[in-house]
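Below is one structure, written out as structure tokens, with a few remarks after it.
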Amino acid sequence: MSNEPTRLLRNPAKEKLSRGEPVFSMTIRLVRTVDIAAIAHTAGFDSVYIDMEHSSFPLEAAGQICMACTSLGVTPLVRVPGLDPFFIARVMDAGAMGIVVPGVQSADEALAAVRAVKHAPLGERSLAGNAPQLLYRSLPADQTVRELDQASMVVTQIESQAGLDAAAAIAAVDGVDILFVGASDLSVELGVPGQVDHPEVHKAFLHVIDACRAHGKAVGIGGLGGRPDLVRQYLELGAGYVSTGNDISFLSAAAAQKRRQFD
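Numbering (the working numbering), first residue to last: 131 to 393.
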């Protein structure tokens, strides 16, 4: 019989990645209501991330969607604009199960993200008390910290040459879960904007995959929603977390397809 305490809080995406199973995510930029959590669940997504970098998303709406997702078994992450620890703490206190940090370029930046998400001893986040992720249960402080920190995720986006150069060091940071390759921004940085199938972009993916394999971290794929052939290729090579697209692009594509049916 295992002596490990029973967990009150589970992160389905994190558990799937630990088993070597792929995780499929949708990005939320447009929809501000909890309905999107049910849609993501019904559509079969394992995770969502709410994009607070490239949208005007309010924190209150993000928190409500996070809580709805958690109740449905969909892991809710939030892409933050940067490494402000106070903003990251508010995102986590609102109900997020983790953050996506854009443009990480060094191990120091990755460590700053971990410190903002985790409590001591791994991090420096303040304990807020009863947590929405735990359904506002009144628990001993040490149990609250343990539950939140074992379930939370830190996703570092690799979108630049500097990030690529530091990939091994970033992957070595304790508390980082995923190195997420942003193919769109990275293609621009590498001088081949939009050419996500370019050999230099492929080389970058392989480099990050190798770094993650060496340090036991997962690889994320972004910017390839329109190229399922490339997604399948990188999944076969060892990637695990797939960002498939966002609610704006999904709605626009479905609306255009529907309109064409009447021509």
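Note that CB positions come from ideal geometry on N, CA and C, so glycine has one too.
Taking a C-beta distance under 8 Å as the contact criterion, I158 and I195 qualify as a contact pair. DSSP places S290 in the coil class of the three-state scheme, outside both helix and strand. Between L316 and V306, the C-beta gap is not smaller than 8 Å, which leaves the two residues out of contact. Counting only runs that start and end inside the region 351–392, the beta strand (DSSP E) elements of at least 3 residues fall at 371–376. T157 sits in a strand when the DSSP states are folded into three classes. Pairing P251 with E183 gives a Cβ-Cβ distance that is not under 8 Å.
Sixteen is the threshold: when 16 or more other Cβ atoms of the shown chains lie within 10 Å of the Cβ of P206, as they do, the residue is buried. Assignment of A298 by DSSP, reduced to helix, strand and coil, places it in the helix class. Counting C-beta atoms within 10 angstroms of its own C-beta, G346 has fewer than 16 neighbours from the protein chains shown and is therefore classed as exposed. Exclusion of the five residues before and after M197 leaves G225, P262 as the residues of its chain whose Cβ lies within less than 6 Å of its Cβ. S155 places its beta carbon less than 8 Å from that of D176.
At the C-beta level, V204 and I229 stay beyond 8 Å of one another.
Ranked by Cα distance from A296, the options V234, V210, G356, L354 are led by V234. The beta-carbon separation of A369 and I351, rounded to 5 Å, stays under the 8 Å limit for a contact. P206: member of the beta strand (DSSP E) spanning 205–209, first to last residue.
Contact between V208 and Y179 holds, with the beta-carbon distance rounding to 6 Å and staying under 8 Å. Only residues of its own chain outside the window of five on either side were considered, and among them H249, A271, T274, V275 have a CB closer than 8 Å to the CB of L257, listed in chain order. For F310, the enclosing beta strand (DSSP E) covers residues 308–312. When only Cα atoms are considered, T172 and P329 end up about 36 Å apart. 8 Å or more divides the Cβ of E239 from the Cβ of R245. Taking C-beta separations shorter than 8 Å and ignoring five residues to either side along the sequence, the partners of Q291 in its chain run E319, L320, following chain order.
Per DSSP, reduced to three states, the secondary structure at D181 is strand. At least 8 Å separates the beta-carbon of A301 from that of L294. Taking C-alpha positions only, N141 is separated from D393 by approximately 45 Å.
The Cβ atoms of G312 and G259 do not sit closer than 8 Å to each other. The C-beta distance from I339 to L367 rounds to 6 Å, short enough to fall under 8 Å. Considering only L189, T136, G150, L138, the residue with the shortest C-alpha distance to C342 is G150. Between A348 and L147 the beta-carbon gap is near 5 Å, inside 8 Å, which marks them as a contact.
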